[in-house]
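Trainee: Sharing a structure below in structure tokens format, with a few things to ask.
Protein chains in written order, with our numbering: chain A, 763 to 1087; chain B, 2 to 797.
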């Protein structure tokens, strides 16, 4: 797994593609390079992305622009309260002509699945995503259908409106590699947005800059990024510290550790490195871990959020000086 | 230039007041010498030169440091010339100068202030000290503008005579000093006030701080009030506090405690009179005695382990000073030939004693008043408080025996009535005293010879110094008798007391007499005893000869020994390893010490013998110690240099360690437990730009000031990251040496000179404390600071 990347050319290719994708998305989402980079990193790390923010900051826009930058199958599922699990996974219908049950794939059968307003669907429907997100397959009527790689779920949700929403279950949240907030744009970016978005929908002009085949190749490049034992120890130490913390009722799962390291590898590759630094892990810890953690009652009463608790934990875990591994 | 002259004009009053105040404070030094004009006069010149030179130098375009140095040189040169140093032959005159200072030192060592006129003056010591005080006050008040601090040297100048002379410093001097000091404070503070609101660019207005509407008149009024009240209170309040005593305002009176001499407790009063400043005439004697020495005041008969006392005297009403005295009571055999002398003694009104000075052994005393004699001691004490010697005239006759050493050698032991009380020693007396007495006198056969041997032993092996530890207690006695630095030094009281105690341990009846040593002859048959003539001596009883006087006090004070003790000296016992004088080894020859010498006081010869030898051993040891200290001080710097050299030859990890240690040395917090990238980011905040002028006291530092060094640091961090976290890395030894040097230089540019010196001579990284501090700096850091990235705890 950790065999070295033999040619720097692979990383160059990766960088070029990433740069194209980022440039493409930047045409739609103004002034959010970090968010865009994180989203691309999640794509290359084979993770799923949860975009959580207030309405109108461009969650759906980000998801759609990322999907549209890649020449691949994109399906969009609008999660509404009446959405059924079968709408997500697909359903077998009786074909009167052939007199057989025929499987009609649901929304998840695509390379990139946009789950808009995911917390508006009932937990039953949300749970339909569990298998496909983790195992990249769908089982309907005893038949298992494998999903094509790359497979990425980009979900958006609105944390403000509580009426008629269902919070994502822990198991579901844990399956999202990264949770991002888009945030309000800075003034200049907002003015630029007024220019570009009032004339026409820039999304309409967006052309794909890469395809699924290339993305698959990039994903394999990312998997070959080297992780030293020091960094592995550091990642595990971070996760372990969240489990020990008295301020957290639920710490990071082993899957979280894995996601953190995979995201760090993608981040390192995007920065042109064939090895992961502790700083990569450190920089992604907040976005990878916070949505999986549950603060203890005392901490919550004390006004501590998972973000501030995680900051304290990160500051208290020393980076191992380590040697080559 | 106009501005400078204005500065100088403003500067001059403060400098002048500072110098005048210092000189006036030095008036308290008058008590040091009878000829105080010898040093206070020349110091007037210094007090003029110091402020004038200071003002000129401050107006000159010199750096302050250089100005202070030049000022010092000028003052030093002036003092040099004043002390007789030759500007033409500076080297040749050094010897003379050293000799004069040596003489002055010996005078200061030997005599209590005021130093008499007859001995070498102590001006060569006091003039440099005074000049130094003037200079230091000027530096503090005018060069450094720290007038409150200048109060400290002034206080020192004022306090030195108080500690040396006692409470005999004039209060008027204090008044002058305090007023001068307050005036200095006022001048400085009003200059401060006048600087408020100076218009920008208004050079003409700036030239005259009082010219733009700031009036110091109001503040002057309140300052005068506050200052006067403070000074008056400082003078008046102590008068009501019992522990403090100011001697009125007697500015130009003698430095001592007035002219009154009160004798109630003889030994304490003798001590005080010997230490007192001025020599006051106390008694005038008209007599036909050619040698009216050893006039007794009182006899101390009891030693209680703490002090010698006159015991509890019963005043017997019929034993009055009104005619003949029983001669037999004094233990003298009728066979001993005597010389009869008559005395008429007049005490000055200054001599206020309850003890009547009489010659021993007196045959008759006639004194007005309630005087009573004691049969065993034959001294006279007044029966009531109103009877004192002040202004009294009395007559007496004495029959001075011509004592024969032969008869004393062969004398029988004393009668029990004398033997028992006069050989009593306290049980607390250390055995050492008796053992020492035995050792010293082991070669002497008779009791008389033992007494003579003891006397000569004291005179040969001890030194006379008035300024020595006081007291006769057991501890003081041991200190006096044992050898060592500062031991075996004392004055008559200690000699007499020690002799008497040692004699008692040898079973010889002994006691201590207090009186006058030798008077000054002022006319035919006319003598004057003064306060400085007071003396103490031991008396030993020999049957048939009565109480016989001995003189253990060395020849510097008591030039002669009693005639009957000459020629009978026996070599002191070998138990005492002190080299003996030639006289001691030959009993038939008078010893150099025991032979009569030409004068009573011989300071000059003592000065020649004690003041000129160069302590080469001390100097060598000092040089050696300094060398060792210097060597030890160089070790950390050398170790650190070698470590740096070794690390610069190494790879990325070594370079990183070197960078960390250099940061610690420079007091830059080094976070532990942070990634190289983050550490590098934090470290850049400590980088300073290369100064284009002289190094600044507080140089700027921060990111972006040293881009070259920041790039170098990035390279180091990158190399370290590759070594630590990548699969392959080119960790070439020494490749990062230049980058590390560049980073260290940037760190140094951001540090003050003091920090640089400390980093060089006392690198913290070599000591555990620096490392622990670094660990703390890393882990105590608030997470917000990590996020902000700008705050690093400063190590210790």
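All C-beta atoms, glycine included, are put in the ideal place defined by N, C-alpha and C.
Report the rounded CA-to-CA distance for residue 410 of chain B versus residue 84 of chain B, giving the unit in angstroms.
Mentor: The alpha-carbon atoms of residue 410 of chain B and residue 84 of chain B are separated by roughly 56 Å.
Trainee: So, do the region 527 to 536 of chain B and the region 504 to 518 of chain B have three or more beta carbon pairs nearer to each other than 8 Å?
Mentor: Yes, since at least three Cβ pairs between the region 527 to 536 of chain B and the region 504 to 518 of chain B fall closer than 8 Å, the two stretches touch.
Trainee: Taking 9 Å as the CB-CB cut-off, is residue 1035 of chain A touching chain B?
Mentor: Answer yes: the Cβ-Cβ gap between residue 1035 of chain A and chain B drops below 9 Å somewhere.
Trainee: Since residue 530 of chain B sits in a beta bridge, which residues does DSSP pair it with?
Mentor: DSSP lists B:284 as partners of residue 530 of chain B.
Trainee: Counting only the same chain and skipping the five closest in sequence on each side, list residues whose C-beta sits under 6 Å from that of residue 947 of chain A.
Mentor: Excluding sequence neighbours, residue 947 of chain A sits near 792 and 793.
Trainee: Quick one, which of B:723, B:28, B:54 and B:383 has its alpha-carbon nearest residue 178 of chain B's?
Mentor: The shortest C-alpha separation from residue 178 of chain B is found at B:28.
Trainee: Would a check of beta-carbon distances place residue 715 of chain B closer than 9 Å to chain A?
Mentor: Not one chain A Cβ lies under 9 Å of residue 715 of chain B.
Trainee: Compute every distance between the C-beta of residue 766 of chain B and the non-hydrogen atoms of the ligand GDP, then say whether any falls below 8 Å.
Mentor: Looking for the ligand GDP in the displayed structure turns up nothing, as the structure carries no ligands at all.
Trainee: Quick check on residue 781 of chain A: does DSSP put it in helix, strand or coil?
Mentor: If DSSP states are grouped into helix, strand and coil, residue 781 of chain A belongs with the helices.
Trainee: Taking the alpha carbon of residue 913 of chain A as the point to measure from, which residue in A:804, A:796, A:1041 and A:822 has its own alpha carbon closest?
Mentor: Of the candidates A:804, A:796, A:1041 and A:822, the one whose C-alpha sits nearest the C-alpha of residue 913 of chain A is A:804.
Trainee: Below 7 Å between beta carbons is the criterion; list the residues of the region 741 to 756 of chain B that meet it against any residue of chain A, in chain order.
Mentor: The region 741 to 756 of chain B vs chain A, Cβ under 7 Å: nothing.
Trainee: What residues from chain B crowd round residue 992 of chain A, counting only those whose CB sits closer than 8 Å?
Mentor: Under the 8 Å cutoff, chain B gives 725 and 726.
Trainee: Would you mind working out which of B:715, B:683, B:706 and B:621 sits nearest residue 656 of chain B, comparing C-alpha positions?
Mentor: Out of B:715, B:683, B:706 and B:621, B:715 has the C-alpha closest to the C-alpha of residue 656 of chain B.
Trainee: When you compare each of B:355, B:380 and B:361 to residue 370 of chain B by their alpha carbons, which one comes out closest?
Mentor: Taking only the C-alpha atoms, the option nearest residue 370 of chain B is B:355.
Trainee: Mind pulling the chain B residues with CB within less than 8 Å of residue 1041 of chain A?
Mentor: Per Cβ cutoff of 8 Å: 676, 678 and 679.
Trainee: Between residue 16 of chain B and residue 50 of chain B, is the Cβ-Cβ spacing less than 9 Å?
Mentor: In this structure, residue 50 of chain B does not lie closer than 9 Å to residue 16 of chain B by Cβ.
Trainee: Apply the 10 Å Cβ neighbour rule to residue 723 of chain B and answer buried if 16 or more other Cβ atoms are within range, or exposed otherwise.
Mentor: That one is buried.
Trainee: Just the chain B side, please: which residues come within less than 8 Å of residue 1038 of chain A by C-beta, in chain order?
Mentor: Under the 8 Å cutoff, chain B gives 726.
Trainee: Using CA atoms only, rank isn't needed, just tell me which of B:39, B:377 and B:57 is closest to residue 126 of chain B.
Mentor: Ranking B:39, B:377 and B:57 by Cα distance to residue 126 of chain B puts B:39 first.
Trainee: Please classify residue 421 of chain B as buried or exposed, where buried requires at least 16 neighbouring CB atoms within 10 angstroms.
Mentor: Residue 421 of chain B comes out exposed.
Trainee: If you reduce the DSSP assignment to three classes, tell me which class residue 253 of chain B lands in.
Mentor: Residue placement at residue 253 of chain B cannot be trusted, given a pLDDT of 37 that sits under 50; the coordinates are not used to answer.
Trainee: Report the residue from B:509, B:444, B:675 and B:553 whose alpha carbon sits nearest the alpha carbon of residue 541 of chain B.
Mentor: Looking at the Cα atoms, B:509 is the closest of the given residues.
Trainee: Taking Cβ positions only, does residue 722 of chain B come closer than 9 Å to chain A?
Mentor: Yes, contact with chain A.
Trainee: 9 Å is my cut-off, CB to CB: does residue 1080 of chain A come that close to chain B?
Mentor: Answer yes: the Cβ-Cβ gap between residue 1080 of chain A and chain B drops below 9 Å somewhere.
Trainee: Under 8 Å, with one C-beta from each stretch per pair, do the region 1047 to 1055 of chain A and the region 1016 to 1023 of chain A reach the 3-pair mark?
Mentor: They touch, by the three-pair rule.
Trainee: Could you tell me how far apart the beta carbons of residue 1017 of chain A and residue 966 of chain A are, in whole angstroms, since I believe they sit closer than 8 Å?
Mentor: The pair is not a contact, with the Cβ atoms about 38 Å apart (cut-off 8 Å).
Trainee: Got a sec: which bits of the region 622 to 645 of chain B sit with their beta carbon under 9 Å from any beta carbon on chain A, in order along the chain?
Mentor: If the cut-off is 9 Å between Cβ atoms, the region 622 to 645 of chain B has nothing near chain A.
Trainee: Whole angstroms is fine: what's the gap from residue 662 of chain B's alpha carbon to residue 641 of chain B's?
Mentor: So the two alpha carbons sit approximately 9 Å from each other.
Trainee: Measuring CA to CA, which of A:826, A:843, A:841 and A:842 is closest to residue 835 of chain A?
Mentor: With distances taken between Cα atoms, residue 835 of chain A lies closest to A:826.
Trainee: List the whole-angstrom C-beta distance separating residue 686 of chain B from residue 750 of chain B, where the pair is believed to meet the contact cut-off of C-beta under 8 Å.
Mentor: Rounded, the Cβ-Cβ distance is 13 Å, inconsistent with contact.
Trainee: Excluding sequence positions up to five away, which residues of its chain have a Cβ less than 6 Å from the Cβ of residue 579 of chain B?
Mentor: Caution applies to residue 579 of chain B, whose pLDDT of 38 falls short of 50 and renders its modelled position unreliable; the value that the coordinates give is listed next. Around residue 579 of chain B: 462.
Trainee: By how many angstroms is the C-alpha of residue 413 of chain B removed from the C-alpha of residue 325 of chain B?
Mentor: The straight-line gap from Cα to Cα measures roughly 28 Å.
Trainee: Considering only residues of the region 699 to 745 of chain B, which uninterrupted beta strand (DSSP E) runs meet the minimum length of 3 residues and lie entirely inside it, listed in chain order?
Mentor: If we require 3 residues or more, the region 699 to 745 of chain B turns out to have no beta strand (DSSP E) run fully inside it.
Trainee: Report yes or no: do three or more beta-carbon pairs, one from the region 839 to 852 of chain A and one from the region 981 to 989 of chain A, lie closer than 8 Å?
Mentor: In short, these stretches do not touch, since the Cβ pair count stays below three.
Trainee: Three or more C-beta pairs under 8 Å: does that hold for the region 426 to 438 of chain B against the region 490 to 507 of chain B?
Mentor: The region 426 to 438 of chain B vs the region 490 to 507 of chain B: in contact.
Trainee: Quick one: list the residues of chain B neighbouring residue 988 of chain A, beta-carbon separation under 7 Å, in chain order.
Mentor: What residue 988 of chain A touches in chain B: 727 and 728.
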